[in-house]
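Peer 1:
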Ligand SMILES: CC(C)(COP(=O)(O)OP(=O)(O)OC[C@H]1O[C@@H](n2cnc3c(N)ncnc32)[C@H](O)[C@@H]1OP(=O)(O)O)[C@@H](O)C(=O)NCCC(=O)NCCS
């Protein structure tokens with residue numbers, strides 16, 4: 151009932167379609183019965199840190215920490231823009247993050263850290279990793295198209311996993327599109343394995 155009212159309100163504002171955040175199967179089914187369809191299917195991958203060995207990273211090429219401000223959630227405008235620009239270059243227009251998405255992602259976990267990789271002072275990749283309790287989450291990972299296949303993502307992911315292990319996480323989880331072969335292959339090369347269910351972004355025309 152609440153959702154139907156909400157759809158009515160959103161339509162009255164002039165929107166022609168709505169999209170949800172990524173949701174677990176049971177909830178996605180409920181939305182499906184309200185006329186929503188799947189817009190993106192994501193697999194959930196998990197890496198256990200039961201034998202937590204830190205991954206060695208050569209200091210000269212190791213990703214750096216991007217400071218996120220006093221409340222650990224705020225980014226200075228120039229840093230925020232550089233992250234958003236890189237994200238837009240890495241993901242298709244439909245799926246790249248805006249300021250609100252990034253703010254939500256920063257706030258989604260109890261702790262968070264952004265690692266960046268630069269070459270000649272230009273940002274070539276970033277990762278946002280967070281943790282809540284004993285669980286680590288790779289929230290976002292992106293490498294500029296011009297910097298790919300040279301190990302940037304591998305180093306960013308290694309820095310994230312080391313951070314998660316250092317914060318006492320017993321596992322790290324990531325979601326990525328089922329059809330995203332580069333990302334699937336990257337995570338699996340680090341030992342991530344598929345969990346028994348995925349997430350779905352649902353969409354409905356109004
Ligand atoms: C996925 C992504 C982060 C990989 O970045 P990258 O810096 O090129 O990755 P690396 O060079 O560290 O590659 C590490 C491994 O990932 C896999 N991989 C990376 N790109 C690949 C591709 N195009 N096809 C198949 N496997 C690929 C390979 O296993 C690779 O190891 P190898 O080079 O020894 O074969 C990058 O393609 C990207 O930003 N894509 C768009 C955003 C995205 O999908 N983010 C992840 C979503 S959670």
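Residue numbers (the numbering used here): 151 to 356. Note that beta-carbon positions come from the ideal geometry of N, C-alpha and C, so glycine has one too.
(1) Out of curiosity, what's the CA-to-CA distance linking residue 325 and residue 259?
(2) Under 8 Å: does the beta carbon of residue 286 sit that close to some heavy atom of ligand 1?
(3) Considering only heavy atoms of ligand 1, does any lie closer than 8 Å to the CB of residue 241?
(4) So, under 8 Å CB-CB, residue 322 and residue 197 are touching, yes? Tell me the CB distance rounded to an integer number of Å.
(5) Look at the alpha carbon of residue 213 and the alpha carbon of residue 257, and state the distance between them as a whole number of angstroms.
(6) On the CB-based measure, 16 or more other CB atoms within 10 Å of its CB, does residue 242 come out buried or exposed?
(7) Rank 174, 156 and 165 by C-alpha distance to the C-alpha of residue 350 and give the top, closest one.
(8) Kindly indicate which three-state DSSP category residue 348 falls into: helix, strand or coil?
(9) Please determine, among 210, 298, 345 and 265, the residue with the shortest C-alpha to C-alpha distance to residue 289.
(10) Do you know offhand how far residue 98's Cα is from residue 211's?
(11) Between residue 355 and the rest of its own chain, which residues show a CB-CB distance below 7 Å, the 5 nearest in sequence each way excluded?
(12) Inspect the beta-carbon positions of residue 297 and residue 261 and report whether they are closer than 9 Å.
(13) Are the beta-carbon atoms belonging to residue 225 and residue 342 less than 9 Å from one another?
(14) For the alpha helix (DSSP H) containing residue 307, name the first residue and the last one.
(15) Taking the C-alpha atoms as reference points, what is the distance between residue 308 and residue 271?
(16) Looking only at C-alpha atoms, which of 291, 316 and 199 sits nearest to residue 304?
(17) So if DSSP puts residue 325 in a beta bridge, which residue, or which two residues, is it bridged to?
(18) Tell me whether residue 263 is buried or exposed, calling it buried when 16 or more other Cβ atoms sit within 10 Å of its Cβ.
(19) CB residue 193 to CB residue 316, shorter than 9 Å?
(20) Return yes when the C-beta of residue 172 is under 8 Å from any heavy atom of ligand 3, and no when it is not.
(21) By DSSP's criteria, residue 272 is part of a beta bridge. Which residues make up the other side?
Peer 2: A quick look at the data gives this:
(1) Looking up residue 325 in the chain shown gives position 175. Looking up residue 259 in the chain shown gives position 109. Between residue 325 and residue 259, the C-alpha separation is close to 15 Å.
(2) Counting from 1 along the chain shown, the entry for residue 286 is found at position 136. No, since every heavy atom of ligand 1 falls outside the 8 Å radius drawn around the Cβ of residue 286.
(3) Start at 1 with the first residue of the chain shown, and residue 241 comes out as number 91. Answer for residue 241: yes, Cβ within range of ligand 1.
(4) Indexing the chain shown from 1 puts residue 322 at position 172. Indexing the chain shown from 1 puts residue 197 at position 47. 5 Å between Cβ atoms; contact.
(5) Within the chain shown, the letter at position 63 stands for residue 213. Within the chain shown, the letter at position 107 stands for residue 257. If you take the alpha carbons of residue 213 and residue 257, they lie about 22 Å apart.
(6) To locate residue 242, count along the chain shown from 1; it is residue 92. That one is exposed.
(7) The residue you call residue 350 lines up with position 200 of the chain shown. The candidate whose alpha carbon is nearest that of residue 350 is 174.
(8) Sequence index remark: in the chain shown, residue 348 carries index 198 (1-based). Of the three classes helix, strand and coil, the one that applies to residue 348 here is strand, per DSSP.
(9) Counted from its first residue, the chain shown places residue 289 at position 139. The residue with the shortest Cα to Cα distance from residue 289 is 265.
(10) No answer is possible for residue 98: it lies beyond the span of the chain, which begins at 151 and ends at 356.
(11) Start at 1 with the first residue of the chain shown, and residue 355 comes out as number 205. Around residue 355: 166 and 167.
(12) Here residue 297 corresponds to residue number 147 of the chain shown, with the count starting at 1. Here residue 261 corresponds to residue number 111 of the chain shown, with the count starting at 1. Their beta carbons are not under 9 Å apart, which means residue 297 does not touch residue 261 by this criterion.
(13) Along the chain shown, read from residue 1 onward, the residue named residue 225 stands at position 75. Along the chain shown, read from residue 1 onward, the residue named residue 342 stands at position 192. No, the pair does not count as a contact, with Cβ atoms beyond the cut-off.
(14) Along the chain shown, one-based indexing puts residue 307 at 157. Run containing residue 307: 302 to 316, per the alpha helix (DSSP H) assignment.
(15) For this step, residue 308 is matched to residue 158 along the chain shown. For this step, residue 271 is matched to residue 121 along the chain shown. Straight-line Cα distance between these residues: approximately 21 Å.
(16) As a working note, residue 304 is residue 154 in the chain shown. Residue 304 has its Cα closest to that of 291, out of 291, 316 and 199.
(17) As a working mapping, residue 325 is identified with position 175 in the chain shown. Looking at the DSSP assignment, residue 325 forms a beta bridge with 194.
(18) For the purposes of this step, residue 263 is taken as the residue at position 113 of the chain shown. Buried.
(19) Position 43 of the chain shown, counted from the first residue, corresponds to residue 193. Position 166 of the chain shown, counted from the first residue, corresponds to residue 316. No. Outside cutoff.
(20) Looking for ligand 3 in the displayed structure turns up nothing; the ligands present are ligand 1.
(21) The count along the chain shown starts at 1 and reaches residue 272 at position 122. Note: residue 272 sits in a beta bridge opposite 269.
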